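Undergrad: Residue numbers (the working numbering): 8 to 176.
Just so it is clear, CB atoms sit at the ideal spot from N, CA and C, and this is done for glycine as well.
Every value quoted in this text rests on a predicted model; they were computed, and no experiment measured them.
Handing you this structure, nothing more for now.
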């Protein structure tokens with residue numbers, strides 16, 4: 008019997024977590040060691056790794072676009088990106104100056120990711136743990152490019168015990 012929907016999605020996420028995430032974490036760890044904790048290279052390295060996560064998802068799902076991937080399961084691409092973000096943030100020292108943030112656009116229900124300086128995020132240092140996923144909510148993505156952009160609405164997700172096994176260490 009052919010697998011569909013959530014079964015395929017769970018299989019892809021499990022494979023991604025076991026085969027792709029470890030190499031991404033190793034690569035980021037190497038960058039952090041080589042470049043005085045990677046401060047200069049971190050933003051471009053994070054963007055590159057997250058872009059490669061999307062490319063790997065397309066390969067694993069045998070699809071050519073995120074829209075096609077989401078036909079398998081509407082949450083699949085978002086799950087892979089959020090898993091990648093939490094895993095990469097988990098490599099960072101707790102006092103590291105940057106963090107990867109998921110951005111949820113409330114107006115068009117889309118998601119993006121950005122690298123931010125930790126001390127610009129309210130409560131960031133009060134909520135440090137190895138698998139932190141800060142989620143920044145904006146009305147529209149253009150809000151991110153405003154000169155007087157202030158962050159005042161952030162949710163923090165981590166990996167509590169009640170999440171599926173894929174999100175646990």
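Which residues share a DSSP beta bridge with residue 145?
TA: Start at 1 with the first residue of the chain shown, and residue 145 comes out as number 138. Answer is 112.
Undergrad: Per the DSSP calculation, residue 98 is bridged to which residue(s)?
TA: Here residue 98 refers to the residue found at position 91 when the chain shown is read from its first residue. Residue 98 is not bridged to any residue.
Undergrad: Scan the segment 48-98 and note each continuous alpha helix (DSSP H) run of 4 residues or more that stays entirely inside, going in chain order.
TA: 49-68, 73-79, 83-98
Undergrad: With a threshold of 8 Å, are at least 3 pairs of Cβ atoms found where one atom belongs to the segment 61-71 and the other to the segment 142-149?
TA: no
Undergrad: Kindly indicate which three-state DSSP category residue 15 falls into: helix, strand or coil?
TA: Locating residue 15 in the chain shown gives position 8, counting from the first residue. Correct three-state label for residue 15: helix.
Undergrad: Within 10 angstroms of the Cβ of residue 96, are there 16 or more other Cβ atoms? Answer buried if so, exposed if not.
TA: Locating residue 96 in the chain shown gives position 89, counting from the first residue. Looking at its Cβ environment, which holds 16 or more other Cβ atoms inside 10 Å, residue 96 is buried.
Undergrad: In this structure, how does DSSP classify residue 21 when only helix, strand and coil are distinguished?
TA: For the purposes of this step, residue 21 is taken as the residue at position 14 of the chain shown. Residue state, collapsed to three classes: helix.
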